[in-house]
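> Residue numbers (my numbering): 22 to 316. The C-beta atom is built at its ideal place from N, Cα and C for all residues, glycine as well. There's a structure below that I have some questions on.
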């Protein structure tokens, strides 16, 4: 890590911006400035970090830092960057980062016209509003980094200072990276809701259903981590038990038909995983594939 102390500015003092300023203020990083559309938010960031200056303009804030974090909502990052560039807010050695998961560093390309180095840092974490004395939400998490080579190097240092693990991805892969995070987090919620809905058809409340399924969910995640997806797969598809799958589909089609297509789609992809392992008879595979294609 660099021994030179780096001053940073935060433009956009929402949940992520405040947490970043608060927990990065250690080792070789020092808050230099804060700017937000709401001056109250900028003042809150300064209070949480313990030092720095609240600026009346984003350009003045950016000029105060060696590193500029644009932590605004995703939809305005590119516009903010362009405005800052046109106001000569970036120097030839400025490092400019955004923290969006959905966008790559390419939306900061205008900053390069000033000679700035650009990159993106995305913490794989959800952020609650900052509370004084709270534990760092960055500790022990994973953070993706991409962009110019120097930005990637600096991004890894920033992640280390936050107590996180960094991994670099190619800029052109940022969208698929974000899609992966959406599937792992958001769509997992959808999948669990599906399972809970099926169990609630037996007359159980949702909280009771979750309590019952939770050990199975956690155990499956543990098995995936220790054995990989193919070897962690169990159940009727892995066994080639088409009769059980057929009964599932009959009841779902009759009682919860809105989930029929989802069950079949998941079954089709699960069959692909089962087929990658050993021992699934070809005839059972064909019969399962036929069931999953029926509507």
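For residue 28, report the span of its beta strand (DSSP E) as first-last.
It spans 27-32 - the beta strand (DSSP E) in which residue 28 sits, taken as one unbroken run.
> Could you say which of 276, 282, 188 and 251 lies nearest to residue 291 if we only look at CA atoms?
Answer by Cα proximity: 251.
> Label residue 275 either buried or exposed according to how many other C-beta atoms from any shown protein chain fall within 10 Å of its C-beta, with 16 as the threshold for buried.
Exposed: under 16 other Cβ atoms inside 10 Å.
> For residue 40 versus residue 151, is the C-beta spacing smaller than 8 Å?
Against a cut-off of 8 Å, the Cβ pair of residue 151 and residue 40 comes out as a contact.
> So, residue 88 versus residue 142, is the Cβ gap smaller than 8 Å?
No, the pair does not count as a contact, with Cβ atoms beyond the cut-off.
> Taking the beta carbon of residue 211 as the centre, do at least 16 other beta carbons fall within 10 Å, making it buried, or is it exposed?
Exposed, because fewer than 16 other Cβ atoms sit within 10 Å of the Cβ of residue 211.
> Under three-state DSSP, which class holds residue 143?
Correct three-state label for residue 143: strand.
> To which residues of the same chain is residue 44 closer than 7 Å at the C-beta, ignoring the five residues directly before and after it?
Correct list, in chain order: 157, 159 and 183.
> Taking residue 171 as the reference, which of 51, 249, 62 and 118 has the closest Cα?
Considering only alpha carbons, the answer is 118.
> Got a sec: does the ligand FAD put a non-hydrogen atom nearer than 7 Å to the Cβ of residue 226?
Questions concerning the ligand FAD fall outside what the structure shown contains, since it holds no ligand whatsoever.
> What are the complete alpha helix (DSSP H) segments, minimum 4 residues, inside the region 203-281?
Taking only runs of at least 4 residues, the alpha helix (DSSP H) segments lying wholly in the region 203-281 are 209-221, 227-248, 250-253, 257-260 and 263-276.
> When we look at the beta-carbon of residue 297 and count the other beta-carbons within 10 Å, is it buried (16 or more) or exposed?
Exposed.
> If you count every other CB in all the chains shown that lies within 10 Å of the CB of residue 38, and 16 or more means buried, which is it?
Buried.
> Could you say if the region 160-169 and the region 182-197 meet the contact criterion of at least three C-beta pairs nearer than 8 Å?
Yes, the region 160-169 touches the region 182-197.
> Can you round the beta-carbon distance between residue 106 and residue 131 to whole angstroms, since I take them to be within the 8 Å contact cut?
That belief holds up - the Cβ atoms of residue 106 and residue 131 are roughly 5 Å apart, short of 8 Å.
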